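Working notes, structure below.
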Amino acid sequence: MKNTITVLCYPYVCCVQAQVLYDFTAEPGNNELTVQEGEILTLTNQNVGSGWVEARNSRGNVGLVPEDYIEVKTILIISFVFDFTSLFRAYCMKLENCVGLFLSIILLLSVMVILCHMAVGSVYSFDEEWDDDSDDGKSTGGYGGSQADEGGTMQRGGAHSTMKLSLNKFPGFSKTPNPEVYLLTKHISKGDDRLPIYTGEVGPVWLYPQIQLDCVVADPKKGSKMYGLKSYIEYQITPNTTNRPVNHRYKHFDWLYERLVEKFACALPIPCLPDKQVTGRFEEEFIKMRMERLQGWMSRMCRHPVISNSDVFQLFLNYRDEKEWKLGKRKAEKDEIVGVKIFSNIDPELPELDPAQVEQKYEMYSQFTRSMDNSVKELLTVGHLHWKRCTGRETFHQFSTLVHTQVGNWREYTLTEALTATGKTYEEIAEIVAGQPKKDLHFLMETTHEYKGLLGCFPDTIAVHKAAIDKVKEADHLVVMNKISQQDKLIMEKNLSTMSYALQAEMNHFHSNRIYDYNRLVQFYLEEQVKFYETIAEKLKKALGQYTTM
Numbered sequence: 001m002k003n004t005i006t007v008l009c010y011p012y013v014c015c016v017q018a019q020v021l022y023d024f025t026a027e028p029g030n031n032e033l034t035v036q037e038g039e040i041l042t043l044t045n046q047n048v049g050s051g052w053v054e055a056r057n058s059r060g061n062v063g064l065v066p067e068d069y070i071e072v073k074t075i076l077i078i079s080f081v082f083d084f085t086s087l088f089r090a091y092c093m094k095l096e097n098c099v100g101l102f103l104s105i106i107l108l109l110s111v112m113v114i115l116c117h118m119a120v121g122s123v124y125s126f127d128e129e130w131d132d133d134s135d136d137g138k139s140t141g142g143y144g145g146s147q148a149d150e151g152g153t154m155q156r157g158g159a160h161s162t163m164k165l166s167l168n169k170f171p172g173f174s175k176t177p178n179p180e181v182y183l184l185t186k187h188i189s190k191g192d193d194r195l196p197i198y199t200g201e202v203g204p205v206w207l208y209p210q211i212q213l214d215c216v217v218a219d220p221k222k223g224s225k226m227y228g229l230k231s232y233i234e235y236q237i238t239p240n241t242t243n244r245p246v247n248h249r250y251k252h253f254d255w256l257y258e259r260l261v262e263k264f265a266c267a268l269p270i271p272c273l274p275d276k277q278v279t280g281r282f283e284e285e286f287i288k289m290r291m292e293r294l295q296g297w298m299s300r301m302c303r304h305p306v307i308s309n310s311d312v313f314q315l316f317l318n319y320r321d322e323k324e325w326k327l328g329k330r331k332a333e334k335d336e337i338v339g340v341k342i343f344s345n346i347d348p349e350l351p352e353l354d355p356a357q358v359e360q361k362y363e364m365y366s367q368f369t370r371s372m373d374n375s376v377k378e379l380l381t382v383g384h385l386h387w388k389r390c391t392g393r394e395t396f397h398q399f400s401t402l403v404h405t406q407v408g409n410w411r412e413y414t415l416t417e418a419l420t421a422t423g424k425t426y427e428e429i430a431e432i433v434a435g436q437p438k439k440d441l442h443f444l445m446e447t448t449h450e451y452k453g454l455l456g457c458f459p460d461t462i463a464v465h466k467a468a469i470d471k472v473k474e475a476d477h478l479v480v481m482n483k484i485s486q487q488d489k490l491i492m493e494k495n496l497s498t499m500s501y502a503l504q505a506e507m508n509h510f511h512s513n514r515i516y517d518y519n520r521l522v523q524f525y526l527e528e529q530v531k532f533y534e535t536i537a538e539k540l541k542k543a544l545g546q547y548t549t550m
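Read in full-length UniProt numbering, the sequence shown has 539 at position 539, and its numbers run on one by one without any break.
Shown next as structure tokens:
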């Protein structure tokens, strides 16, 4: 009688369930799953990566869902408990069955590996450096972790979706929580990172490069990863300094934005990138719009003398291979000169300002940014209203229909021809009017939208200066309380002066860009409007020529 062995196995067949927080419409051909708010899903793979999970709905359909759109409700791990004691006792009693023991161990280890993968999901290792967040889904670079508790939430969404992301407006504050970190710094070594400020025609200005940096964002191409499970759009960026293109996805732009915010946001307003979007991001019109807005964002960054010359921005434009890119990325993420510490690199070659002068400048800039912000919002409102009126063709069509109703019998042939031509003319004019905003107003609106985002950053940047001013005002009291020395107070006032010069240089840069942008844009807009009205006038003259002078 052959020896038999009983392996005791206790199965626990459980699952991971989640509730859908927001509606999500699947992108055709992209292995996604359409879900509705409140729906309960069973998660089949939580480690797809890039901000996505694989889930199964109540109808048995399986697909990918953004993990920001769901909330995990129940987590139960599939597990099997084996009675290894009985197994090995039985085999040890029959040592002659060594081959069977070896094969059984291999079998059991294989089963354990399979069960572990069932419990935690398949692990993909494609491009691990960059697939921690998706092109248009959850972003973790500068918003996650402990910083989420310190900030609020920001809505960043496209036309079809809204993403909720944790946001600390100044991620660097996790390392440098307040201006005191800089104000009380006695010995500042600037080294190669020195950011000089000079006196220009308009006042304090940054040091501008001799050759203006610029780049072209073009040639969007669709790529895929995870054996085609996930798709993305990659853009080609070509700087004018090397004329050598580099390729980047939206998530790389987002990483760059987060690094710039972390390093410079206390001193320089960093406008947000174009909105994130989950659905519709592979549509041709959306890709074209995103590329245009990324171009605008990159051009604005290139024009800034401090940002364009920073190591992280130069890395983004000029890396030569994957190794250099990854090493530069790690170096940027370990940068310690972030938050208010960035002021330690600023070196104004100007006389020290009195704290009262600093406060006066602060009040002036604060008032200006609020005023311009209101003006920009009004301009956008008027622009949207004008666009809507242009695309509403009812007036022209009504007039065309009215003209056609006046067409008489064959004895009025000449008048009939003239009226018919007039009706067609107004239909053509309706088409021209509807398409005109895309030729002129569009560019004015896009740039104004950029300025709206830029002005939205100023209150937080200016607030850093306000906090520093308040700290310096407390200096006399702190000296009396023996909490700081008289020398400390003088150092605080000197460092406050440096902060003020940085704000003045930034405001002067902002004004010069504003003058350049709107001078160019309004000229272009008026030129296009002249062409527009000349075209309409020519068509009306042609229609007028159809009528007989009585």
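Quick reminder that beta carbons are idealized off the backbone N, C-alpha and C, glycines included.
None of these values were measured; they are calculated from a predicted model.
Backbone CA spacing between residue i and residue j [nearest angstrom]
i           : j           : result
residue 198 : residue 349 : 6 Å
residue 210 : residue 521 : 25 Å
residue 53  : residue 273 : 25 Å
residue 423 : residue 385 : 27 Å
residue 16  : residue 290 : 36 Å
residue 519 : residue 447 : 12 Å
residue 388 : residue 435 : 11 Å
residue 235 : residue 270 : 21 Å
residue 548 : residue 390 : 32 Å
residue 510 : residue 379 : 19 Å
residue 489 : residue 472 : 7 Å
residue 260 : residue 268 : 9 Å
residue 242 : residue 318 : 8 Å
residue 354 : residue 21  : 54 Å
residue 249 : residue 257 : 13 Å
residue 299 : residue 457 : 18 Å
residue 295 : residue 361 : 33 Å
residue 432 : residue 541 : 16 Å
residue 371 : residue 43  : 50 Å
residue 292 : residue 232 : 17 Å
residue 308 : residue 314 : 7 Å
residue 176 : residue 283 : Reliability of the predicted coordinates at residue 176 is poor, the pLDDT of 36 falling under 50, and no value is obtained from them.
Three-state class that DSSP yields for residue i in the structure shown
i           : result
residue 59  : coil
residue 530 : helix
residue 209 : coil
residue 84  : Since pLDDT at residue 84 reaches only 44, below the 50 mark, its modelled position is unreliable, and no value is offered.
residue 203 : strand
residue 128 : Bear in mind that the predicted position of residue 128 carries a pLDDT of just 37, short of 50, making it unreliable; the figure below should be weighed with that in mind. If DSSP states are grouped into helix, strand and coil, residue 128 belongs with coil.
residue 32  : strand
residue 484 : coil
residue 472 : helix
residue 388 : helix
residue 545 : coil
residue 338 : coil
residue 355 : helix
residue 186 : coil
residue 179 : coil
Identity of the residues DSSP links to residue i by a beta bridge
i           : result
residue 19  : 40, 71
residue 52  : 49, 66
residue 348 : 197
residue 24  : 35
Proximity below 7 Å, CB of residue i to CB of residue j
i           : j           : result
residue 539 : residue 420 : no
residue 468 : residue 496 : yes
residue 525 : residue 460 : no
residue 185 : residue 216 : no
residue 553 : residue 381 : Past the edges of the chain, shown from 1 to 550, lies residue 553, and the structure says nothing about it.
residue 501 : residue 204 : yes
residue 19  : residue 67  : no
residue 55  : residue 41  : yes
residue 346 : residue 195 : yes
residue 536 : residue 429 : yes
residue 338 : residue 285 : no
residue 452 : residue 376 : yes
residue 202 : residue 508 : yes
residue 183 : residue 492 : yes
Next item on the list: Let me know the beta strand (DSSP E) ranges lying completely inside the UniProt domain "PX" (213-323), each 3 residues or longer, listed in chain order.
Entry: Residue ranges of uninterrupted beta strand (DSSP E) with 3 or more members, entirely inside the UniProt domain "PX" (213-323) and ordered along the chain, are 215-225, 230-239, 246-249.
Check: Whole alpha helix (DSSP H) runs in the segment 410-441 with 4 or more residues, listed along the chain?
Finding: For the segment 410-441, whole alpha helix (DSSP H) runs of length 4 or above, ordered along the chain, are 413-435.
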